[in-house]
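A.B. asks: Next up is a structure, given as structure tokens.
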Amino acid sequence: MDTTNILTAPMPIRRYPGRIAVLLGLVALADFLIFGEMPGINLFFFALAICAGILLPAMKGLSPSTAALLLGLSLLASAPLLETPSVMGFALCLSALMSVALVSGKLMPRSLNGLPLVFSRFALVIPLRLAEDVGKYLATPAKRSSLTEVRRSAGLWVMPLILASVFLLLFAAANPVIEVTLRSIRFDVLLQFLDPWRIGFWIMTAAVVWALLRPRLKRRFARLQAERAFMIVPTKNSPLGHASLLRSLLLFNALFAVQTVLDLVYLWGGADLPDHMSHAEYAHRGAYPLIATALLAAGFVLLAMRPDGPGDKSSLIRRFVYAWIGQNILLCLSSMLRLELYVEAYSLTELRVAAGLWMGIVAIGLALILLRIVLNRSNEWLIATNLASLIAVLYISAFIDFPAVIARFNVAHSQEISQEGLPLDLNYLSSLGPSVIPALDLYLLKLPDQLIDQMYEAQRARYSLAVDFERRPSDWRSWTFRSARLDNYLRSSIAR
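Dropping the structure here:
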């Protein structure tokens, strides 16, 4: 029996009064925790509340152990938000909530091969789910007639309400108690709830939460059509046949060997470069294009070594693939060394940190492709291991205070402290936020006394960052571990 239509078919909203109550409660909680507040521990609490809201209506179809496991997954994925709000932490948290919703809706694929497609299909539905359900609900004949009755009843209340308001104003003029009571009503507080930004926040929150409460996937094309669209039928002389793959790998290995030898000579060996070219320039020009090259190479290897393909059956092609993957891994390592040389010459930035992490992820992916071929594993194994490595890198990175790391590195390698490299870019450090204050204190401590101008600029930058940090909202909803650590540091530095 095909259950696809059953799982994806929309159900009327009126059949889910419990979910509607959960939706209204979560929107109200979001208004209390998040709207008008700085992001902090409020995001962590709201993520757990969404997870509980997803699980409560679905408890009949889930075992207690599964529900506890899903709640633990959400707790673990939301933990980076306790350190500090970040894009990586938010992405991990949202991915966990989507996983909880898919499991509760029994929409999780049975194999990891289908996981990326299911997640993308679910993400496409999220912005439109609430509007579609409301539209379908209002389009029913019974609902249209009930709306007509509501409008007719509302019209009957216009005159009574107007006259009642007039009488109330007259009574207020005649009775001081009523007048005082009316004056005590804070209409300005009530009007705050009519703020367009607030209403927009409610709508966006409701749209996301409703899609998670009632998960649904975009309809797929017929499986046979999809298989035909992506089916590759190689022939002997086709571009993806045995002869073509063998010639491609021979040519690719030769080209990569030239690049590998040059990197071994100039990067790893430290040989003199041509005139008017520094190692930093050599490193900068190659770091990013070589990573793109490695990604293209990885795609070609997966295509060449597909199950039952010519590469899977030929030992000669397999050996060439091993050699080429090895050269690509060395290429990634050379790119990381290029980046290191460039950073030593021109200091560290957030973009360069991201590039280093991306290069490491690509190198891990290439190594996993090699393991997949050597161990004769499936594509499902490759997807699972790559997802695990990516999630591990992102999860660990979400706990690292990269602005503080960048500031300490740039201070330690600045011209004023190490007598090498470039002068410290105080404007860039100030743009990273208050996390750089400890590094600026170290800079002021080690700065030679004769550098008066640099000392004045650093003190001014440090004072400005500290003042901005002290002026931040002190509400408990914006609390984070990172801000608490910095607050303790500033208090202890004042005490000293």
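Numbering (the numbering used here), first residue to last: 7 to 502. For each residue, glycine too, the CB sits at the ideal point set by N, CA and C. Because the structure is a prediction, the values reported are computed rather than measured.
1) Which stretch, first to last residue, makes up the alpha helix (DSSP H) that contains residue 210?
2) Around the C-beta of residue 173, are 16 or more other C-beta atoms found within 10 angstroms, so that it is buried, or is it exposed?
3) Do the segment 476-491 and the segment 38-51 meet, that is, are 3 or more Cβ pairs less than 8 Å apart?
4) Under the three-state reduction of DSSP, which class applies to residue 112: helix, strand or coil?
5) With three or more C-beta pairs closer than 8 Å as the rule, is the segment 434-452 touching the segment 375-384?
6) Any contact between the segment 415-428 and the segment 387-394? By contact I mean 3 or more CB pairs, one from each, below 8 Å.
7) Can you name the start and end residues of the alpha helix (DSSP H) that residue 465 belongs to?
8) CA-CA distance, residue 79 and residue 309?
9) By DSSP, does residue 187 sit in helix, in strand, or in coil?
10) Under 8 Å by Cβ, that's how I've got residue 467 and residue 436 pegged, so tell me the actual separation to the nearest angstrom.
11) Helix, strand or coil: which one does DSSP assign to residue 381?
12) Do residue 299 and residue 339 have their beta-carbon atoms positioned less than 9 Å apart in this structure?
13) Could you name the residues of the same chain whose beta carbon sits closer than 7 Å to that of residue 56, not counting the 5 residues immediately before and after it, in chain order?
14) Restricting to Cα atoms, I'd like to know which of 481, 407, 25 is closest to residue 220.
15) Alpha carbons only, please: which of 306, 392, 366 is nearest the one belonging to residue 342?
16) Going by beta carbon distance, what residues of the same chain come within less than 8 Å of residue 496, once the five residues before and after it are set aside?
17) With residue 421 as the anchor, note down where its alpha helix (DSSP H) starts and where it stops.
18) Reducing DSSP to helix, strand and coil, say where residue 43 ends up.
19) Can you round the beta-carbon distance between residue 207 and residue 41 to whole angstroms, since I take them to be within the 8 Å contact cut?
20) Are the CB atoms of residue 372 and residue 412 nearer to each other than 9 Å?
21) Less than 8 Å between the CB atoms is what I'm expecting for residue 432 and residue 463, so what's the real figure, rounded?
22) Might you give, ordered along the chain, the residues of its own chain that have their beta carbon closer than 6 Å to the beta carbon of residue 84, omitting 5 neighbours on each side?
23) Rounding to the nearest angstrom, what Cα-Cα distance links residue 187 and residue 175 in this structure?
24) So, residue 2 versus residue 252, is the Cβ gap smaller than 9 Å?
25) Does DSSP put residue 59 in a helix, a strand or coil?
26) Do residue 403 and residue 363 have their CB atoms nearer than 9 Å?
27) With a Cβ-Cβ cutoff of 9 Å, do residue 128 and residue 97 count as a contact?
C.D. replies: By the coordinates alone:
1) By one-based count along the sequence shown, residue 210 stands at place 204. First-last of the alpha helix (DSSP H) with residue 210: 202-219.
2) The residue labelled residue 173 in the question sits at position 167 within the sequence shown. When all chains shown are included, residue 173 counts as exposed.
3) yes
4) Counting from one through the sequence shown, the residue named residue 112 turns up at place 106. Residue 112 falls in the coil class under three-state DSSP.
5) no
6) no
7) What you label residue 465 is simply residue 459 of the sequence shown in a count that begins at 1. 458-476 is the extent of the alpha helix (DSSP H) around residue 465.
8) Counting from 1 along the sequence shown, the entry for residue 79 is found at position 73. Counting from 1 along the sequence shown, the entry for residue 309 is found at position 303. Our two residues, residue 79 and residue 309, have alpha carbons roughly 34 Å apart in a direct line.
9) The sequence position of residue 187 within the sequence shown is 181, counting from 1. Residue 187: helix per DSSP, three-state reduction.
10) As a working note, residue 467 is residue 461 in the sequence shown. As a working note, residue 436 is residue 430 in the sequence shown. With 8 Å as the limit, residue 467 and residue 436 qualify as a contact, their Cβ atoms being about 5 Å apart.
11) Counted from its first residue, the sequence shown places residue 381 at position 375. In this structure, residue 381 counts as coil in the three-state DSSP scheme.
12) Taking the sequence shown and counting its residues from 1, the one referred to as residue 339 is at position 333. Taking the sequence shown and counting its residues from 1, the one referred to as residue 299 is at position 293. In this structure, residue 299 does not lie closer than 9 Å to residue 339 by Cβ.
13) Residue numbering aside, residue 56 sits at position 50 when the sequence shown is read from its first letter. Within the same chain, 32, 103, 215, 218 come within 7 Å of residue 56 by CB-CB distance, once the 5 residues on both sides are set aside.
14) By one-based count along the sequence shown, residue 220 stands at place 214. Of 481, 407, 25, the residue nearest in Cα terms is 25.
15) Walking along the sequence shown from the start, residue 342 turns up at place 336. Nearest of 306, 392, 366 to residue 342, Cα basis: 366.
16) Locating residue 496 in the sequence shown gives position 490, counting from the first residue. Cβ-Cβ distances below 8 Å link residue 496 to 443, 472, 475, 476 in the same chain, with the five nearest sequence neighbours on each side left out; the list follows chain order.
17) Reading the sequence shown from its first residue, position 415 is the one you call residue 421. Looking at the DSSP string, the run of the alpha helix (DSSP H) that includes residue 421 is 421-424.
18) Here residue 43 refers to the residue found at position 37 when the sequence shown is read from its first residue. Three-state result, residue 43: coil.
19) One-based indexing of the sequence shown puts residue 207 at position 201. One-based indexing of the sequence shown puts residue 41 at position 35. In this structure, residue 207 and residue 41 form a Cβ contact; the two beta carbons are roughly 5 Å apart against a cut-off of 8 Å.
20) The residue labelled residue 372 in the question sits at position 366 within the sequence shown. The residue labelled residue 412 in the question sits at position 406 within the sequence shown. Cβ atoms of residue 372 and residue 412: not closer than 9 Å.
21) By one-based count along the sequence shown, residue 432 stands at place 426. By one-based count along the sequence shown, residue 463 stands at place 457. About 5 Å separates the beta carbons of residue 432 and residue 463, which is inside the 8 Å limit, making them a contact pair.
22) Stepping through the sequence shown from its first residue, residue 84 is reached at position 78. Closer than 6 Å at Cβ, skipping near neighbours: 50, 53, 99.
23) Numbered from 1 along the sequence shown, position 181 holds the residue referred to as residue 187. Numbered from 1 along the sequence shown, position 169 holds the residue referred to as residue 175. Residue 187 and residue 175: Cα-Cα distance of roughly 12 Å.
24) Absent from the structure is residue 2, since the part of the chain shown begins at 7 and ends at 502.
25) Locating residue 59 in the sequence shown gives position 53, counting from the first residue. The answer is helix: DSSP assigns residue 59 an H, G or I state.
26) By one-based count along the sequence shown, residue 403 stands at place 397. By one-based count along the sequence shown, residue 363 stands at place 357. Yes, the pair counts as a contact, with Cβ atoms nearer than the cut-off.
27) Translated into positions along the sequence shown, residue 128 becomes position 122. Translated into positions along the sequence shown, residue 97 becomes position 91. No.
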